[in-house]
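Everything below concerns the one structure shown next.
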Amino acid sequence: MAQSETVVRILDTAEVLFAEKGFAETSLRTITSKAKVNLAAVNYHFGSKKALIQAVFARYLDPFCEEFNAQLEVLERRPSLTLEDLLETLARTTLSIPAQKGSLSIFMRLLGLAYTQAQGHMRRYLQQHYGKAFNRFAQLLKNATPELPDAERFWRLHFMLGSVVFTLSSLDALKDIAASDYDEKIRVKDLVARFLPVVTAAMHAPVPPQPPRMAETAA
1 MAQSETVVRI LDTAEVLFAE KGFAETSLRT ITSKAKVNLA AVNYHFGSKK
51 ALIQAVFARY LDPFCEEFNA QLEVLERRPS LTLEDLLETL ARTTLSIPAQ
101 KGSLSIFMRL LGLAYTQAQG HMRRYLQQHY GKAFNRFAQL LKNATPELPD
151 AERFWRLHFM LGSVVFTLSS LDALKDIAAS DYDEKIRVKD LVARFLPVVT
201 AAMHAPVPPQ PPRMAETAA
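Heads up, the sequence shown is in the UniProt record's numbering, so the first residue is 1 and it goes up one at a time.
Here's what the structure looks like:
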């Protein structure tokens, strides 16, 4: 369903302000003032600040998960799957969606904030609405890296995701550095082409000594 001009203006303004100032630090009055709408419009269309935050994420994640689930279904039908194919699919899908809506770097900053700020409702919301796609990806990742212990795979996955969020959220600054220091004009797809081999190698790195389990330390 097409969104009204007022809804789009509120969402556009909210996502920029949330990314710049944080969720807790951005008031609804700041958003309405910047978007040139009254507070009643936000309450009417969203009902609460929490619902507005969730709507900002849904605008990106709904189309992403629809496309990602379709791509995962294709991968699940393959008799064999490499880690490289899986990560390339994730990267391609990530780049295909936010570009239609707005800035990829803004969304990545928002995603990082959802996990670093005290936004428990966001973590619950993301798990409830998008956990299925993540769990399917995690299962395919396990199939592609059977040599990794489950706990090690968990950490490496989150190291990888953290690197993706940091790199793409600081994309403009990195482009400027590449241009001024190395005379390179970097496009996002060029960055991904460099990033994927590094991430793949990290996932395939030798397993370090594993820390003791809780039961062992308690004994």
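Every residue gets a Cβ at the ideal spot worked out from N, C-alpha and C, and that includes glycine.
Since we're looking at a predicted model, the values are computed, not measured.
Cβ-Cβ separation, H121 to K50 (assumed contact under 8 Å), whole Å: Yes, they are in contact, since the Cβ atoms of K50 and H121 sit about 5 Å apart, within 8 Å.
Cβ contact check for the stretch 81 to 88 and the stretch 196 to 211: 3 or more pairs under 8 Å: Segments in contact, yes.
Touch test, the stretch 135 to 155 against the stretch 166 to 181, Cβ-Cβ under 8 Å, three pairs minimum: Verdict: no, contact absent.
Selected residue, minimal CA-CA separation from K189, among A91, A114, N43: Ranking the options by Cα distance to K189, first place goes to A91.
Three-way DSSP call (helix, strand, coil) for K49 in this model: Here K49 sits in helix by DSSP.
Contacting residues, own chain, Cβ-Cβ under 6 Å from I186 (five flanking each side not counted): Excluding sequence neighbours, I186 sits near K175, A178.
C-alpha distance - M160 paired with F134, whole-angstrom precision: One C-alpha to the other measures close to 14 Å.
Per-residue DSSP class, three states only, for D183: DSSP places D183 in coil when its eight states are reduced to three.
Beta-carbon proximity list for A14, same chain, < 7 Å, skipping 5 on both sides: These residues qualify, in order along the chain: I31, L52, V56.
Segments of 4+ residues assigned as alpha helix (DSSP H) that fall wholly inside the UniProt domain "HTH tetR-type" (4 to 64): The UniProt domain "HTH tetR-type" (4 to 64) is shown to contain whole alpha helix (DSSP H) runs of 4 or more residues at 5 to 21, 28 to 35, 39 to 45, in chain order.
Any non-hydrogen atom of the ligand HEM within 7 Å of Q210 CB: Because no ligand of any kind appears in the structure shown, any question about the ligand HEM cannot be addressed here.
Delimiting residues of the alpha helix (DSSP H) encompassing I97: Taken as a continuous stretch (DSSP letters only), I97 belongs to no alpha helix (DSSP H), as it is neither H nor E.
Minimum C-alpha distance to V7 - residue among R77, A41, S163: Among R77, A41, S163, the Cα nearest to that of V7 is on A41.
Neighbourhood of L113 by C-beta distance below 8 Å, restricted to the same chain and skipping five residues each side: F18, A19, G22, F23, Q119, listed in sequence order.
Span of the alpha helix (DSSP H) around L157: Segment 150 to 169, the alpha helix (DSSP H) holding L157.
Under the three-state DSSP convention, the category T200 falls into: Under the three-state reduction of DSSP output, T200 falls in the helix class.
Close Cβ partners of N143 (< 7 Å) along its chain, the five nearest in sequence each way excluded: Correct list, in chain order: L81.
A193 versus S163 - alpha carbon distance: Their backbone Cα atoms lie some 15 Å apart in a straight line.
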